[in-house]
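K.L.:
If you read the protein sequences in the order shown, they are chains B and Y.
Take the first sequence: its position 103, counting from 1, is numbered 355 in my numbering, and each next residue is one higher.
Take the second sequence: its position 57, counting from 1, is numbered 994 in my numbering, and each next residue is one higher.
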Amino acid sequence: AVQLVESGGGLVQPKESLKISCAASGFTFSNAAMYWVRQAPGKGLEWVARIRTKPNNYATYYADSVKGRFTISRDDSKSMVYLQMDNLKTEDTAMYYCTRSPFDYWGQGVMVTVSS
Amino acid sequence: DVVMTQTPVSLSLAIGQPASISCKSSQSLLGTSGKTFLNWILQRPGQSPKRLIYQVSKLYSEVPDRFSGSGSETEFTLKISRVEAEDLGVYYCWQGTHFPYTFGAGTKLELK
């Protein structure tokens, strides 16, 4: 069965950094584009970042709201996808979900809280 | 970016009643492949989203056939023939035709 398990969330102060991870299993990870999608408390879903596969040169894409601050990466040998979040802002507070293309499987989410 | 507009915002229904949710896009979702990448997901209270329907009307294998999807171009509908307790939660439409993929704001289905 497909599983996506996020980890690494927590409470940080504004301008600090945090790296969250997603461990994938149950499918051929190297063949799947991967995404991070977030959900602020009581709000809807917002796409954050996307990373394509090796044949697509691991191309990355970011929502305007995080461009220049967040970096998505992957390690196909470990079936892992990461989101490095720098210069965090209070508005980045959200549940962060790892999901594979085409959003057919989602992890349980990891909470990131940015507050002073 | 493509704007996805869902109505109603919330729906209060009794078990056994039918449900209908509308989703409209600001651009046609018919792709160059001839496919329309309009999809539906359900987020039950306290859970992560779960897949329901892809390419307008195709149900994932685990989804009960009381769910159905229809529509074309810019107007789409999710229907539940008879609501059951496990159907409660927030329904989101999302489009995968134009990047960045975008979500509707959600429709909350509650029990009356």
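Glycine included, C-beta positions come from ideal geometry on N, C-alpha and C.
Starting from Y/F1040, find everything on chain B with Cβ-Cβ shorter than 7 Å and list it in chain order.
P.N.:
What Y/F1040 touches in chain B: G296, L297.
K.L.:
From which residue to which residue does the beta strand (DSSP E) around B/Q291 run?
P.N.:
Start and end: 286 to 291.
K.L.:
With DSSP collapsed to three states, give me the class of B/K341.
P.N.:
Residue state, collapsed to three classes: coil.
K.L.:
Just reading off the beta strand (DSSP E) that B/S282 is part of, what are its end residues?
P.N.:
B/S282 -> no beta strand (DSSP E), and no H or E assigned at all.
K.L.:
Out of B/G261, B/K267, B/K271, B/S277, which has the shortest C-alpha to C-alpha gap to B/A253?
P.N.:
Selected option, being the one with the closest Cα: B/S277.
K.L.:
How should Y/F1036 be labelled, buried or exposed, when 16 other C-beta atoms within 10 angstroms of its C-beta is the threshold for buried?
P.N.:
When all chains shown are included, Y/F1036 counts as exposed.
K.L.:
Under 8 Å: do the segment 342 to 353 of chain B and the segment 1016 to 1029 of chain Y share three or more Cβ pairs, one atom per stretch?
P.N.:
No, the segment 342 to 353 of chain B does not touch the segment 1016 to 1029 of chain Y.
K.L.:
For the candidate residues Y/S957, Y/L948, Y/L1046, Y/K961, whose alpha-carbon lies nearest to that of Y/F1040?
P.N.:
Looking at the Cα atoms, Y/K961 is the closest of the given residues.
K.L.:
Report yes or no: do three or more beta-carbon pairs, one from the segment 262 to 276 of chain B and one from the segment 326 to 343 of chain B, lie closer than 8 Å?
P.N.:
The segment 262 to 276 of chain B is in contact with the segment 326 to 343 of chain B.
K.L.:
Mind listing the chain B neighbours of Y/I990? Cutoff is C-beta to C-beta under 8 Å, in chain order.
P.N.:
Within 8 Å Cβ-Cβ: nothing; Y/I990 doesn't reach chain B, min ~11 Å.
K.L.:
Got a sec, what are the start and stop residues for the beta strand (DSSP E) B/E268 sits in?
P.N.:
Element bounds for B/E268: n/a, residue is neither H nor E.
K.L.:
Assign B/E258 to buried or exposed, taking buried as 16 or more other Cβ atoms, counted over all protein chains shown, within 10 Å of its Cβ.
P.N.:
Looking at its Cβ environment, which holds 16 or more other Cβ atoms inside 10 Å, B/E258 is buried.
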